[in-house]
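Quick note: the first sequence uses full-length UniProt numbering, first residue 1, plus one each step.
Here is the structure we will look at.
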Amino acid sequence: MASDSSDDDVPLARTNGHASAPRISKADDRAMDKSMSKARPGPTGVSIRNGPVRSDDAMDMDSPAKGAPKRKPRSSLGQSVYYKDDSDSDEGAPMAKRQKARHQKVESDSDNEPIAKKKQNGKLPPSIKDTNLGDLSDDDDEPLGTKLAQKKASIEKAAAKEARAARASDAKAKKATSKKAIKEESDDEPLAKPKKRQSNGSAALAKKANGVKKASTKKEPESDSDAPIATKAKRAAPAAKGKAATAKKPAKFVKEESKENGEGEEDEEEFRWWDAPKKEDDSIKWTTLEHNGVIFPPPYERLPKSVKLYYDGKPVELEEEVEEVATFFGSMLHSTQNVENPTFQKNFFNDFKDVLKKTGGAKDRAGNKIEIKDFDKDFPKLDFTKIYEHYKTIGDAKKARPAAEKKAEKAARDLVEAPFLFCKWDGRKEKIGNPRVEPPGLFRGRGEHPKTGTVKKRVLPEQVTINIGKDAPVPAPPKGHKWKAVQHDNKATWLAMWQENVNGNYKYIMLAANSAVKGQADFKKFEKARELKKHIDRIRADYTKELRSEIMADRQRATAMYLIDEFALRAGNEKDTDNEAETVGCCSLKFEHVTLEDPDKVIFDFLGKDSIRFYNEFKVDRQVFKNLKMFKKAPKEEGDDIFDRLTTTQLNKHLSSYMTGLTAKVFRTYNASWTMSSLLQELKIDQNIPVAEKIKLYNDCNRKVAILCNHKRTVGAGHEAQMEKLGDRIKGMKYQKWRTKMMILDVDSKQKKRKGAEYFELDSDLDEEWILQHQQFLVEELRTKITKKFEKDNEKREADGEKPFPEKELAERLKAAKELEAKYKKENKTKKVEAEGKGPTVEKLEGQAEKLDERIRNLELQSADREGNKEVALGTSKINYIDPRLTVVFAAKAKVPIEKFFSKTLRDKFKWAIESVGDDESWEF
DNA sequence: GTTCGTACTTAGCATTGGCTGG
DNA sequence: CCAGCCAATGCTAAGTACGAAC
1 MASDSSDDDV PLARTNGHAS APRISKADDR AMDKSMSKAR PGPTGVSIRN
51 GPVRSDDAMD MDSPAKGAPK RKPRSSLGQS VYYKDDSDSD EGAPMAKRQK
101 ARHQKVESDS DNEPIAKKKQ NGKLPPSIKD TNLGDLSDDD DEPLGTKLAQ
151 KKASIEKAAA KEARAARASD AKAKKATSKK AIKEESDDEP LAKPKKRQSN
201 GSAALAKKAN GVKKASTKKE PESDSDAPIA TKAKRAAPAA KGKAATAKKP
251 AKFVKEESKE NGEGEEDEEE FRWWDAPKKE DDSIKWTTLE HNGVIFPPPY
301 ERLPKSVKLY YDGKPVELEE EVEEVATFFG SMLHSTQNVE NPTFQKNFFN
351 DFKDVLKKTG GAKDRAGNKI EIKDFDKDFP KLDFTKIYEH YKTIGDAKKA
401 RPAAEKKAEK AARDLVEAPF LFCKWDGRKE KIGNPRVEPP GLFRGRGEHP
451 KTGTVKKRVL PEQVTINIGK DAPVPAPPKG HKWKAVQHDN KATWLAMWQE
501 NVNGNYKYIM LAANSAVKGQ ADFKKFEKAR ELKKHIDRIR ADYTKELRSE
551 IMADRQRATA MYLIDEFALR AGNEKDTDNE AETVGCCSLK FEHVTLEDPD
601 KVIFDFLGKD SIRFYNEFKV DRQVFKNLKM FKKAPKEEGD DIFDRLTTTQ
651 LNKHLSSYMT GLTAKVFRTY NASWTMSSLL QELKIDQNIP VAEKIKLYND
701 CNRKVAILCN HKRTVGAGHE AQMEKLGDRI KGMKYQKWRT KMMILDVDSK
751 QKKRKGAEYF ELDSDLDEEW ILQHQQFLVE ELRTKITKKF EKDNEKREAD
801 GEKPFPEKEL AERLKAAKEL EAKYKKENKT KKVEAEGKGP TVEKLEGQAE
851 KLDERIRNLE LQSADREGNK EVALGTSKIN YIDPRLTVVF AAKAKVPIEK
901 FFSKTLRDKF KWAIESVGDD ESWEF
């Protein structure tokens with residue numbers, strides 16, 4: 001095989017390992033072909049030098065070498081980060097983020113060990129087989145991916161057709177089909193326009209204002225004296241309730257609580273932006289903006305004197321600040337997942353010691369210094385249990401309080417918080433998403449995050465930047481404090497912002513999902529995805545062609561596009577490998593994440609966003625297979641990028657040449673919505689089936705989309721048990737149904753002929769043994785119920801000063817259980833069931849049986865749904881990927897109320913979709 | 001081009017609170 | 001009517017993306 005030099009002189013997109021050659025000669029290609037054709041039964045010889053990556057064993061190996069960075073470029077000079085733990089907790093230390101994945105060459109790769117493999121959270125994907133997807137497609141034994149892929153193939157074909165059609169009709173400019181404005185125009189409308197973020201608005205201004213350097217953990221020195229406005233004339237209002245600064249507002253939309261229809265209604269007229277003409281310039285987000293700032297968490301309350309942290313068996317005196325840190329740990333002892341994680345402990349302990357030192361150390365009761373040296377979990381030198389118990393106690397007590405008290409407290413709190421929950425945006429009252437500043441605590445990163453356990457510090461007003469209208473009164477910071485800055489950037493949608501100390505990330509206070517800005521953005525997102533429909537065939541044709549490009553970069557790009565399009569992979573931005581969990585997306589896939597099996601099978605196994613495992617086996621296009629093999633060609637090895645000549649920026653730049661605003665992310669939206677659309681269309685809704693079944697069908701579609709997007713959830717600890725319980729309930733009901741039917745015979749034996757013997761047969765999943773057991777269970781259940789009731793009655797009598805029932809009474813009552821037992825015995829023997837109830841008639845019993853039947857069907861549906869959802873989360877795709885208008889249309893077509901699909905909040909969030917589509921069933925994605 | 005800084009969307013798990021069925 | 005359960009909501013971490021600065 002053409003030996004391509006690993007270190008090419010051509011600049012590479014990324015060079016953190018071995019590079020691929022910039023060009024691919026015909027010979028190279030042929031060589032690849034050849035190697036492929038000698039396909040052997042097993043995995044290809046090519047490239048999988050170290051054995052298939054495949055998870056588990058490989059994964060265990062690295063165990064807890066915690067603390068130590070996974071992989072350091074051991075090469076290069078010190079400049080590299082050096083992850084000295086002690087340094088990082090330190091104020092002055094450089095903030096992590098800085099060294100984004102190293103871009104220097106790691107030469108000498110002699111360097112034995114590959115990147116330590118992730119330990120992962122690893123949820124295994126639901127193989128389509130066990131996910132009860134119903135008939136996803138024809139053949140049943142294909143792996144998940146393949147099936148979906150097949151489905152997709154047909155969907156894609158349809159897509160291409162659509163695209164052509166769309167372009168054609170587009171050409172004709174207006175097809176104006178009576179529809180409401182919004183949907184037709186959308187495509188070439190301003191709203192859907194380039195989404196360029198216009199610099200930072202009043203960039204200069206903004207810049208200056210929150211000159212928070214990501215990197216610098218700096219003390220925040222130069223808090224702006226320069227913040228021009230802060231001094232605002234009218235301090236006036238911050239306290240006032242929502243309507244606050246009524247003063248000079250447009251008042252047009254305001255319309256105070258006046259004539260609202262009926263009670264309970266809000267006091268504002270809603271803004272139906274989807275009916276309004278579109279904004280010319282959507283980079284300006286608002287013209288006036290008023291709000292009251294943010295809610296800070298309550299101050300720390302010291303522990304009672306009797307509650308201490310213990311070290312080496314002795315209680316320890318701590319200054320307030322360390323004590324608080326100790327409580328962070330102490331109050332989460334129940335979360336063994338965190339508390340027992342060595343990285344968590346290490347990070348916590350380091351930070352703890354720092355604060356301890358800073359506050360003058362620990363003392364014993366007599367005031368003598370105690371040096372806290374070891375964390376020592378097995379032999380707990382540092383013992384938090386007293387703290388834990390303390391919080392547990394007060395927590396329980398709080399919970400146990402009378403409902404009225406709790407309610408009163410909540411009401412009081414709500415009153416205090418009310419002013420912060422809404423803002424006035426262009427004169428309209430809008431809900432704020434989460435107006436709270438995040439409370440201090442211990443950082444819990446997902447997956448194997450190197451910083452988990454680090455102390456997340458209390459955020460002071462001095463770190464918070466406020467974004468607000470020029471003419472609006474600036475909210476007063478808490479007494480004795482000031483804001484870090486106040487700015488008036490109307491190209492930003494946030495109201496307040498601060499930088500968090502652990503990773504240097506920005507945190508924003510923004511509007512809620514049901515607000516106009518968010519809604520418009522959401523709308524725009526889906527319109528963008530719909531726009532892609534018009535280009536998808538061309539894009540697919542192009543990348544298919546480019547899969548054979550001689551230019552390595554192009555070929556890689558085409559291959560990546562294939563993966564993103566086909567398997568809904570995320571873009572895969574570069575990450576900072578030392579300070580973040582090691583997760584990847586398409587462009588950052590590494591050698592070990594992709595395993596190839598001749599002739600055309602690709603196995604993906606990697607941790608994606610949130611350290612959720614992506615495991616799938618797909619059959620791919622031959623050329624894609626070949627390319628991947630090439631991208632993995634020696635000398636590449638574990639740890640090396642597959643797409644070493646591709647970055648997300650390059651990819652997106654290319655995509656945007658097809659369509660303004662097209663990025664990798666749009667494909668996920670597009671594919672999810674398009675898939676949902678196709679699946680729903682395939683459902684031939686029989687209007688006669690019960691609503692529950694229609695919902696189930698919808699959920700099945702939803703689930704397929706969720707699987708496509710790899711949206712998972714951990715199966716709850718109790719899942720197995722719950723399923724079993726549900727199963728038993730179903731069986732119990734079936735048994736009862738059978739008994740009811742038998743009673744019919746008891747009333748009228750001629751019914752057997754009339755209805756046929758089959759009607760009276762026992763359900764196939766009930767057998768004698770189970771029945772016996774179930775009968776026993778029922779008897780037992782009755783017994784405990786009676787006993788419980790008895791006890792309760794007695795308690796009551798006692799409370800009322802009466803004397804309790806004698807034991808005899810209990811025995812008397814328990815006779816009922818005995819009788820039940822006897823009854824079952826008799827039934828078992830005679831194979832007959834005596835009709836129960838007063839005046840049993842055939843009709844009545846039939847009715848009962850029918851009722852039971854319906855309940856059984858319902859429960860079975862529920863059970864299947866639940867099992868299918870065991871490890872698939874439907875919510876994420878519903879909230880973020882599936883065009884809500886699809887659901888609205890489906891609901892209308894199937895005549896199912898929209899509430900069955902969208903919760904209250906979702907209905908608020910998707911109000912635009914619900915209202916703009918209305919009951920127009922002809923809307924299409 | 002790469003890196004940095006920023007802002008906004010997407011994500012799963014924890015907590016809450018309303019409902020159901022015993 | 002109440003407990004127990006689950007869906008809905010809350011919380012905040014972790015992605016994507018893109019202009020500006022280097």
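We put the beta carbon where it would ideally sit given N, CA and C, even for glycine.
> If you pair each beta-carbon of the region 269-283 with each one of the region 359-368, do three or more pairs fall below 8 Å?
Replying inline: The region 269-283 and the region 359-368 do not touch, with fewer than 3 CB-CB distances between them shorter than 8 Å.
> alpha helix (DSSP H) containing F329: first to last residue?
Replying inline: Counted from its first residue, the first sequence places residue 329 at position 329. From DSSP, the alpha helix (DSSP H) with F329 extends over E320 to G330.
>> Just to confirm the assignment, what range does the beta strand (DSSP E) spanning W498 have?
In response: Working through the first sequence from its first residue, we reach residue 498 at position 498. Unbroken beta strand (DSSP E) run through W498: A496 to Q499.
>> What would DSSP say about T465, mapped onto helix, strand or coil?
In response: Sequence index remark: in the first sequence, residue 465 carries index 465 (1-based). In this structure, T465 counts as strand in the three-state DSSP scheme.
> With burial defined as no fewer than 16 other Cβ atoms inside 10 Å of the residue's Cβ, what is the status of L415: buried or exposed?
Replying inline: For the purposes of this step, residue 415 is taken as the residue at position 415 of the first sequence. So L415 counts as exposed.
> What did DSSP end up calling V316 once you bin it into helix, strand or coil?
Replying inline: Walking along the first sequence from the start, residue 316 turns up at place 316. Secondary structure at V316: strand, using DSSP grouped into helix, strand and coil.
> From the DSSP output, which residues share a beta bridge with W425?
Replying inline: Here the question's residue 425 lines up with position 425 in the first sequence. DSSP, once it has assigned bridges, lists L289 and R428 as partnering W425.
> Does the pairing of the region 624-638 with the region 487-502 give three or more beta-carbon distances under 8 Å?
Replying inline: no
> Name the DSSP bridge partner or partners of L511?
Replying inline: Counted from its first residue, the first sequence places residue 511 at position 511. The partner list for L511 (beta bridge, DSSP) reads I432.
> With which residues is N616 paired in a DSSP beta bridge?
Replying inline: Here the question's residue 616 lines up with position 616 in the first sequence. N616 pairs with F604.
>> So, for S922: in the same chain, excluding its five sequence neighbours on each side, which residues have a beta-carbon less than 7 Å away from its beta-carbon?
In response: Residue 922 sits at position 922 when you count from the first residue of the first sequence. Answer for S922: no residue qualifies.
> So, using beta-carbon positions, are W494 and N514 closer together than 8 Å?
Replying inline: By 1-based counting over the first sequence, the position of residue 494 is 494. By 1-based counting over the first sequence, the position of residue 514 is 514. By the CB criterion at 8 Å, W494 and N514 fall outside the cutoff.
>> Excluding the 5 residues flanking I370 on each side, which residues of the same chain have their C-beta closer than 7 Å to its C-beta?
In response: Here residue 370 is taken as the residue at index 370 of the first sequence, counted from 1. For I370, where only same-chain residues beyond five positions count, the Cβ hits under 7 Å are Y311, V316, A362, K363 and D364.
>> Less than 8 Å between the C-beta atoms of M743 and A835, yes or no?
In response: Sequence index remark: in the first sequence, residue 743 carries index 743 (1-based). Sequence index remark: in the first sequence, residue 835 carries index 835 (1-based). The answer is yes: Cβ separation under 8 Å.
> Straight-line CA distance for K518 to A418?
Replying inline: Translated into the one-based positions of the first sequence, residue 518 becomes position 518. Translated into the one-based positions of the first sequence, residue 418 becomes position 418. The straight-line gap from Cα to Cα measures roughly 21 Å.
> Can you tell me whether DSSP reads L563 as helix, strand or coil?
Replying inline: Working through the first sequence from its first residue, we reach residue 563 at position 563. Looking at L563 - three-state DSSP - the assignment turns out to be helix.
> Alpha carbon to alpha carbon, what distance is there between W483 and R540?
Replying inline: Residue 540 sits at position 540 when you count from the first residue of the first sequence. Residue 483 sits at position 483 when you count from the first residue of the first sequence. Roughly 51 Å between the two C-alpha positions.
>> Taking 8 Å as the threshold (C-beta atoms), are V602 and F625 in contact?
In response: Position 625 of the first sequence holds residue 625. Position 602 of the first sequence holds residue 602. Closer than 8 Å, so yes.
>> In this structure, how does DSSP classify D275 when only helix, strand and coil are distinguished?
In response: Taking the first residue of the first sequence as 1, we reach residue 275 at position 275. Here D275 sits in coil by DSSP.
>> Helix, strand or coil for K369? Go by DSSP, reduced to three states.
In response: Within the first sequence, residue 369 is the residue found at index 369, counting from 1. The answer is strand: DSSP assigns K369 an E or B state.
> Quick one, which of A864, Q736, D908 and V474 has its alpha-carbon nearest E827's?
Replying inline: Here residue 827 refers to the residue found at position 827 when the first sequence is read from its first residue. Here the closest residue by C-alpha is Q736.
> Looking at A159 and K533, is the spacing between their C-beta atoms short of 8 Å?
Replying inline: By 1-based counting over the first sequence, the position of residue 533 is 533. By 1-based counting over the first sequence, the position of residue 159 is 159. The answer is yes: Cβ separation under 8 Å.
> With a cut-off of 8 Å, do at least 3 Cβ pairs link the region 693-704 to the region 602-615?
Replying inline: The region 693-704 is not in contact with the region 602-615.
> If you draw a straight line from the C-alpha of D542 to the C-alpha of A165, how long is it?
Replying inline: In the first sequence, residue 542 corresponds to position 542, counting from 1. In the first sequence, residue 165 corresponds to position 165, counting from 1. Taking the straight line from one Cα to the other gives about 19 Å.
> For the putative contact between P840 and V747, defined by C-beta atoms under 8 Å, what is the C-beta separation to the nearest angstrom?
Replying inline: For this step, residue 840 is matched to residue 840 along the first sequence. For this step, residue 747 is matched to residue 747 along the first sequence. Indeed, because the Cβ distance is near 6 Å, the residues count as touching under 8 Å.
> From what residue to what residue does the alpha helix (DSSP H) around D715 run?
Replying inline: Counted from its first residue, the first sequence places residue 715 at position 715. Reading the sequence as shown, one finds Val at residue 715 and not Asp. In the DSSP assignment, V715 falls outside any alpha helix (DSSP H), carrying neither H nor E.
>> According to DSSP, is residue 960 part of a helix, a strand, or is it coil?
In response: Examination of residue 960 is not possible in this model, given that the chain is present from 1 through 925 alone.
> For the beta strand (DSSP E) that contains residue 926, what are its first and last residues?
Replying inline: Lying before the first or after the last residue shown, residue 926 is absent from the chain, which here runs from 1 to 925.
> Quick one, are the C-beta atoms of S677 and L886 less than 8 Å apart?
Replying inline: Counted from its first residue, the first sequence places residue 677 at position 677. Counted from its first residue, the first sequence places residue 886 at position 886. In this structure, L886 lies closer than 8 Å to S677 by Cβ.
>> Taking 8 Å as the threshold (C-beta atoms), are P297 and I437 in contact?
In response: Taking the first residue of the first sequence as position 1, residue 437 is located at position 437. Taking the first residue of the first sequence as position 1, residue 297 is located at position 297. Sequence inspection shows Val at residue 437; the Ile mentioned does not correspond to that position. Going by C-beta atoms, V437 is nearer than 8 Å to P297.
>> Between which two residues does the alpha helix (DSSP H) holding Y543 run?
In response: In the first sequence, counting from the first residue as 1, residue 543 sits at position 543. That run of the alpha helix (DSSP H) goes I536 to E546.
> Could you give the residue range of the beta strand (DSSP E) that holds L906?
Replying inline: Numbered from its first residue, the first sequence carries residue 906 at position 906. Per DSSP, L906 lies in no beta strand (DSSP E) segment; the continuous alpha helix (DSSP H) that holds it begins and ends at K904 to K909.
>> Looking only at its chain, what residues have a beta carbon closer than 6 Å to the beta carbon of P477, apart from the 5 residues adjacent to it on each side?
In response: Here residue 477 refers to the residue found at position 477 of the first sequence. Taken in chain order, the residues that qualify are P461 and W483.
> Can you name, in chain order, every residue of its own chain whose Cβ lies under 8 Å from the Cβ of I551, other than the five neighbours on each side?
Replying inline: Position 551 of the first sequence, counting from 1, holds the residue named residue 551. Result list for I551: P22, R23 and I24, in chain order.
> Would H488 be called buried (16 or more neighbouring beta carbons within 10 Å of its own) or exposed?
Replying inline: Here residue 488 refers to the residue found at position 488 of the first sequence. Label assigned to H488: buried.
> Shortest alpha-carbon distance to R428 belongs to which of T465, T287, F375 and S588?
Replying inline: Within the first sequence, numbered from 1, the residue matching residue 428 stands at position 428. Nearest option by C-alpha distance: T287.
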